[in-house]
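Our numbering applies: residue 69 is where the sequence shown begins, and numbers increase by one. Remarks on the structure that follows.
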Amino acid sequence: MKITVVTPPPFEPVTIAEVMDHLRWDADNDSPAQYPLQSLVEGYITTAREYAEKVTKRALVQQTLRITLERFPMISVRWGGNGWDDDTFWRPGKIELPRPPFIALLHVKYLDSTETLQTLASSNYYVDSESDIVPQLVFRDTFDPGIACTTRQDAVRIEWQAGYAPTDESPLTQEAAAENVPQSIKDAIKLQVQLLADRFDPNERAELERARDALLNGFKVHTY
69 MKITVVTPPP
79 FEPVTIAEVM
89 DHLRWDADND
99 SPAQYPLQSL
109 VEGYITTARE
119 YAEKVTKRAL
129 VQQTLRITLE
139 RFPMISVRWG
149 GNGWDDDTFW
159 RPGKIELPRP
169 PFIALLHVKY
179 LDSTETLQTL
189 ASSNYYVDSE
199 SDIVPQLVFR
209 DTFDPGIACT
219 TRQDAVRIEW
229 QAGYAPTDES
239 PLTQEAAAEN
249 VPQSIKDAIK
259 LQVQLLADRF
269 DPNERAELER
279 ARDALLNGFK
289 VHTY
């Protein structure tokens, strides 16, 4: 399974101003002695957000993700309870949609036997999206998983939106996009920027890393 970010977050969870305030860097000083220039801090924020997403296995600000698979999943089921005399049959399986929180499923597409891209009707599946677990795309028993092409690594393509849903606002602003991201994760991102932007002795660095990790640990996602 391959995961691709189709549409990256339009904004970061924290602003340059928030990070510069955390760093105690005067934004009016064009040549800070201890901290890098503003453009570098902007890049550090993105790097720190990506670090937080990797550690927690979450999407933070709303983004569009895609997974590609060789085929639709199938699972074997034994029926009878008599050991070797049991009947075995196959039924459609499930697909995890990584990087919660889940916002919305956009579509399920597949290449048919002629390698023509088709959109699977929504009547064939539903999304089991409990609040704090990895959501699952569940295929109904009436669905035929064999409809997808069997000779392509990317025969099945699923896209969905993930992240802490933004507050309704048009046009979308940074404040609205980041409002529902937990403050602890935002604080961890600021600490990670600080670790990237400044120099510390080994003890100071280790202390900051412990503080960052403590903020993120409660948000780690454990997959099935």
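Using N, Cα and C, we set each Cβ at its ideal position, and we do this for glycine too. A quick note: this is a predicted structure, and the numbers were derived from the prediction, not measured.
Bridge partner(s) assigned by DSSP for residue i
| i | result |
| --- | --- |
| THR83 | DSSP, once it has assigned bridges, lists no residue as partnering THR83. |
| LYS70 | THR136 |
| GLN251 | Per DSSP, none; premise fails for GLN251. |
| VAL164 | Here residue 164 turns out to be Glu, not Val, going by the sequence shown. Looking at the DSSP assignment, GLU164 forms a beta bridge with GLN204. |
| THR219 | Beta-bridge pairing links THR219 to no other residue. |
| ARG304 | The question about residue 304 has no answer, for the chain in this structure spans 69 to 292. |
| GLN262 | Partner(s): none; GLN262 has no beta bridge. |
Span of the beta strand (DSSP E), counted from its first residue to its last, around residue i
| i | result |
| --- | --- |
| TYR178 | 170-179 |
| ASP212 | Where ASP212 is concerned, there is no enclosing beta strand (DSSP E), given that its DSSP letter is neither H nor E. |
| THR187 | 185-187 |
| GLN229 | 224-230 |
| ASP196 | 193-196 |
Host alpha helix (DSSP H) of residue i (start-end)
| i | result |
| --- | --- |
| THR114 | 106-124 |
| ASP281 | 270-285 |
| GLU243 | 242-246 |
Whole-number beta carbon distance between residue j and residue i, since they are thought to touch under 8 Å
| i | j | result |
| --- | --- | --- |
| ALA308 | LEU276 | Summary: the structure shown does not reach residue 308, with the chain confined to residues 69 through 292, and so no result is reported for it. |
| MET142 | ARG159 | 7 Å |
| THR75 | THR124 | Incorrect: roughly 20 Å between the Cβ atoms, too far for contact. |
Beta carbon of residue i nearer than 9 Å to that of residue j
| i | j | result |
| --- | --- | --- |
| SER191 | ARG167 | no |
| PHE287 | ARG126 | yes |
| LEU205 | GLU138 | no |
Top-ranked residue by Cα proximity to residue i, from the options
| i | options | result |
| --- | --- | --- |
| ASP281 | ALA85, GLY111, THR75, TYR119 | TYR119 |
| ARG225 | LEU188, LEU185, THR136, THR219 | THR136 |
| PHE79 | ASP89, GLY111, HIS90 | GLY111 |
| PRO77 | THR124, TYR232, GLU272, LEU174 | TYR232 |
| THR187 | ILE201, ASP196, HIS175 | HIS175 |
| LYS122 | ARG267, ASP196, GLN260, ALA265 | GLN260 |
| THR211 | MET88, VAL74, PHE140, GLN131 | Here residue 211 is Phe; the residue named in the question, Thr, does not match the sequence. Of the listed residues, the one whose Cα sits closest to PHE211 is PHE140. |
| VAL249 | GLU86, MET69, VAL82, ALA172 | VAL82 |
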